[in-house]
Every structure is written in structure tokens, then in C-alpha cells.
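Inspection log for the structure reproduced underneath, given as C-alpha cells.
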């Protein structure tokens with residue numbers, strides 16, 4: 122997987138872009154930390170969704 126570094130937003134655009142990319146990681150981390158049950162069965166689903174999100178964000 123290669124990242125296109127030619128897109129380098131600045132200022133407010135950069136903050137929006139970073140938030141848009143990282144927010145799903147925050148959401149899933151928060152949800153998994155709040156579970157009282159074993160969460161290992163969720164890992165593959167979360168992993169796939171996060172990497173799909175990253176691939177869409179690179180376009």
C-alpha cells in the first residue's frame with residue numbers, strides 16, 4: 122500500500138483531513154474499550170472496516 126504524499130493540505134484543510142481519517146479509529150477504540158465482554162471476535166471486522174476506510178481516504 123502506497124500513500125500519495127503529493128496531497129499535502131495546509132491549515133484548516135489539513136485539520137479537517139486528519140480528523141476525517143482518524144475519527145473512525147477513535148470511534149472503534151472507544152467502543153471496544155467500553156465493552157465488558159471479550160472483544161477479540163470484533164477485531165477482524167474492525168480491522169477490515171478501518172483499512173477499507175484508509176483506502177477510500179487515499180483516493
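Numbering (this note's numbering), first residue to last: 122 to 180.
From the three backbone atoms N, C-alpha and C, an ideal C-beta is built for every residue, glycine too.
This one's a predicted model, so the numbers in the text were calculated from it and none came from an experiment.
Note down, in chain order, each residue of its chain lying with its Cβ closer than 6 Å to the Cβ of residue 142, except the 5 sequence neighbours on either side. Leaving aside the five residues that flank residue 142 on each side, the residues in its chain whose CB is nearer than 6 Å to its CB run, in chain order, 178.
Return the CA-CA distance between residue 136 and residue 171, expressed in angstroms with no decimal places. So the two alpha carbons sit approximately 19 Å from each other.
Just tell me which of 175, 157, 173, 149 has its CA closest to the CA of residue 164. Among 175, 157, 173, 149, the Cα nearest to that of residue 164 is on 149.
Straight-line CA distance for residue 162 to residue 133? Those two C-alpha atoms are separated by around 38 Å.
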